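>
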Amino acid sequence: MNKPQSFFHLHLISDATGETLLAAGRAASAQYKDARAIEHIYPLIRTEKQVAKVFEDIEEEPGIILYTVVDQKLARSIDERCAAMGLPCVSVLEPVLAVFQSYLGTPAGRRVGAQHVLDAEYFRRIDALNFTMEHDDGQLPANMDDADIVLIGISRTSKTPTSIYLANRGIKTANIPIVLGVPLPESLVEAKKPLIVGLIATAERISHVRQNRVLGNSAAFVPTDYVDRAAINEELAYARQLCTRHGWPMIDVSRRSIEETAAAIVALRGKTR
28 MNKPQSFFHL
38 HLISDATGET
48 LLAAGRAASA
58 QYKDARAIEH
68 IYPLIRTEKQ
78 VAKVFEDIEE
88 EPGIILYTVV
98 DQKLARSIDE
108 RCAAMGLPCV
118 SVLEPVLAVF
128 QSYLGTPAGR
138 RVGAQHVLDA
148 EYFRRIDALN
158 FTMEHDDGQL
168 PANMDDADIV
178 LIGISRTSKT
188 PTSIYLANRG
198 IKTANIPIVL
208 GVPLPESLVE
218 AKKPLIVGLI
228 ATAERISHVR
238 QNRVLGNSAA
248 FVPTDYVDRA
258 AINEELAYAR
268 QLCTRHGWPM
278 IDVSRRSIEE
288 TAAAIVALRG
298 KTR
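So the sequence shown is residues 28 to 300, counted in this note's numbering.
1. When DSSP builds the beta bridges, which residues end up paired with residue 150?
2. Between residue 70 and the rest of its own chain, which residues show a CB-CB distance below 6 Å, the 5 nearest in sequence each way excluded?
3. Would residue 197 pass as a contact of residue 258 if the rule is Cβ separation under 9 Å?
4. Going by C-alpha distance, which of 83, 73, 89, 115 is nearest residue 100?
5. Could you give the DSSP three-state label for residue 204: helix, strand or coil?
6. Three-state secondary structure (DSSP) at residue 56?
7. Considering only their Cβ atoms, is the gap separating residue 173 from residue 203 smaller than 9 Å?
8. Is residue 129 helix, strand or coil by DSSP?
9. Under 9 Å, do residue 191 and residue 225 count as touching if we go by C-beta distance?
10. For the pair the region 179 to 191 and the region 212 to 228, tell me if three or more CB-CB distances fall below 8 Å.
11. Below 9 Å between beta carbons: does that hold for residue 159 and residue 280?
12. Taking residue 59 as the reference, give the member of 80, 265, 89, 35 with the closest Cα.
13. Suppose the cutoff is 7 Å on Cβ atoms and the five residues either side in sequence are ignored; what does the same chain contact list for residue 230 look like?
14. Can you say whether residue 274 is buried or exposed, counting buried as having 16 or more other CB atoms within 10 angstroms of its CB?
15. Could you give the DSSP three-state label for residue 119: helix, strand or coil?
16. Round the Cβ separation of residue 38 and residue 92 to the nearest angstrom and send it over; I've been treating them as touching at under 8 Å.
17. Could you check the C-alpha separation between residue 117 and residue 55 for me, to the nearest Å?
18. In this structure, how does DSSP classify residue 39 when only helix, strand and coil are distinguished?
19. In this structure, does DSSP put residue 273 in helix, strand or coil?
20. Out of 150, 151, 175, state which residue places its alpha-carbon closest to the alpha-carbon of residue 162.
21. Taking the beta strand (DSSP E) that residue 2 belongs to, which residues open and close that run?
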């Protein structure tokens, strides 16, 4: 018998965007299937006055506190306030910095938001995002060789969100839909530079996702075929045939998150370089 789900408050205090904390908090929370975190995110906390305001909120809804604050005076203030309130409190970044300091033999620079500087890597990611948005869903197929990765697949195989996730890592990603009986662009078939990956899934999963989609109203659109599992199996067979013919690897996204699919693609990219 399943236990009833309980809820707890998770307070995330960051002197930057809070992305690191959010990832760490969710990774830990995911291990507790019967408890769900109510997340409270406090980004850009850099003064004692801001910390005081945060703890006014925490006093109203006490829970677990995670923080990433490089200013040691502020970090001590957070620790002391948590101790006074009897609440669990963890500095997520400090143990990692201690390992780096021990190995490198020098203390950290303690720069707030150091991972978000406007450097060459940042502008590479922006360039990749622009490219990916311009090449979404088969747009601008003529210059496929400018892509790092091209994702192909039938409708509702997570091509667009996976492309955007990869682009945010600085990888120029285009995606092209596979439509039953319609040949792929010649520019894709002839492309030499990009890694081309086919995304597939079970007919059951695709049918479920399509049923939850707002359907179009064009005269040529046939909703029954769109969600019919037999028709979807035909589409998938055609997609597999295309990938097999051209020697393109395939990834089944049925039980993968966007992040897991992207990680599998990046691993493939490393093997083919």
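No residue lacks a Cβ here, since even glycine has one placed at the ideal position from N, Cα and C.
Keep in mind it's a predicted model, so treat the numbers as computed, not measured.
So, from the data block:
1. Looking at the DSSP assignment, residue 150 forms no beta bridge with any residue, so it has no partner.
2. Taken in chain order, the residues that qualify are 41, 44, 45.
3. No.
4. Closest by alpha carbon: 73.
5. Judged by DSSP in its simplified three-state form, residue 204 adopts strand.
6. Looking at residue 56 - three-state DSSP - the assignment turns out to be helix.
7. If you check the CB distance, residue 203 and residue 173 do not come in under 9 Å.
8. The answer is helix: DSSP assigns residue 129 an H, G or I state.
9. Cβ atoms of residue 191 and residue 225: not closer than 9 Å.
10. The count of Cβ pairs closer than 8 Å, one atom from the region 179 to 191 and one from the region 212 to 228, reaches three, so the stretches are in contact.
11. No, they are not a contact pair.
12. The candidate whose alpha carbon is nearest that of residue 59 is 35.
13. Residues 256, 259, 260, 263 of the same chain have their beta carbon placed closer than 7 Å to that of residue 230, with the five preceding and five following residues left out of the count.
14. Its Cβ having fewer than 16 others within 10 Å, residue 274 is exposed.
15. In the three-state reduction of the DSSP assignment, residue 119 falls in the coil class, being assigned neither a helical nor a strand state.
16. Here residue 38 really is in contact with residue 92; their C-beta atoms are around 5 Å apart, less than 8 Å.
17. Each residue's Cα considered, the two are about 13 Å apart.
18. Here residue 39 sits in strand by DSSP.
19. DSSP places residue 273 in the helix class (H, G or I) of the three-state scheme.
20. The residue with the shortest Cα to Cα distance from residue 162 is 175.
21. Residue 2 lies beyond the range of the chain shown here (28 to 300); nothing can be said about it.
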